[in-house]
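Beneath this line is the structure, given in structure tokens, with notes to follow.
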Amino acid sequence: MTAFSIRLSGVLLAAALAGPMTAHAQTAPLPSGSFVPTQLAPPAAPTASHLAVARELVVASGLPRAFGGVVPDLTSKMSANLGQTRPELTNDLKATLDQLQPEFATYSGDLIDFGARVYASVLNEQECKDGLTFFKSAAGKKFVDSQPAIFANMGPAMNDWSKAVSARMFERVRAEMKKKGHEL
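The sequence shown begins at 2 in the numbering used here and counts up by one.
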């Protein structure tokens, strides 16, 4: 998975998780000055069974694959950065990173647990079960398995689209500003 597809996965995950809350979610007002939108106010604690099914949903949906490369990428960046600033430590640093790799690999589990809490805060237990049923179906499995190919193909297309939209937007702004007597 490329760095772009990891970022894209993260963006898509964030967009999916930032969607509107379901009607059953609590939206108690927050104290004045809070930076957290009211729709993200924490709901009542989910039951153990709700969290368990939400965790299964996170795994079945393929989300762990989307952020599976984050820890190795961070390890690589740490090695590169420390290697540049402290080249005399290269051999010991490599040995230390290799030694700590099993521990670092467990860090991805934190994201699975976090994702489960987010899912459980947005979807009720039955909705989690329904989603899990889909992802366990043949169509759901194919959907998850196709994600790397979809992201690989969407990345370049999204870059091209973004450039084209930016150019069109600028041309429209230029035309409107010209009507007001301004040249851009």
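Just so you know, even glycine gets a beta-carbon here, dropped at the ideal spot from N, CA and C. Predicted, not measured: the structure shown is a model, and the values here were computed from it.
- With 16 or more neighbouring CB atoms inside 10 Å of its own CB, Tyr120 falls in the buried class.
- Excluding sequence positions up to five before and after Leu52, its CB lies within less than 8 Å of the CB of Ala117, Arg118 and Ala121, all in the same chain and listed in chain order.
- Under the 10 Å beta carbon count, Ser62 is surrounded by 16 or more other beta carbons and is classified as buried.
- Distance from the CA atom of Leu90 to the CA atom of Asp161, rounded to whole angstroms, is 42 Å.
- Beta-carbon to beta-carbon, Val72 and Ala106 are separated by about 7 Å, close enough to satisfy the 8 Å threshold.
- By the CB criterion at 8 Å, Phe68 and Ser109 fall inside the cutoff.
- The beta carbon of Thr76 lies closer than 8 Å to those of Leu98, Gln102 and Phe105 in the same chain, with the five residues before and after it left out.
- Taking each of Leu64, Gly132, Lys130 and Gln85 in turn and checking the Cα distance to Ile113, the smallest one comes out for Leu64.
- Going by DSSP, Thr91 is part of the alpha helix (DSSP H) stretching over Thr91 to Ala106.
- Distance from the CA atom of Lys78 to the CA atom of Val145, rounded to whole angstroms, is 28 Å.
- Bounds of the alpha helix (DSSP H) holding Lys137 are Glu126 to Lys137.
- Burial check for Pro47: the Cβ neighbour count within 10 Å reaches 16 or more, so the residue is buried.
- Here Gly132 is not near Leu185, since their CB atoms are 8 Å or more apart.
- Bounds of the alpha helix (DSSP H) holding Thr86 are Val71 to Thr86.
- In this model, Asp93 and Ala150 are separated by some 38 Å (Cα to Cα).
- When the Cα atoms are used, Gly70 and Glu177 turn out to be separated by approximately 45 Å.
- Asp111 and Ala55 have their C-alpha atoms some 14 Å from each other.
- Restricting attention to Lys130, Ala81, Arg87 and Asn82, the CA atom closest to the CA of Val60 is found in Lys130.
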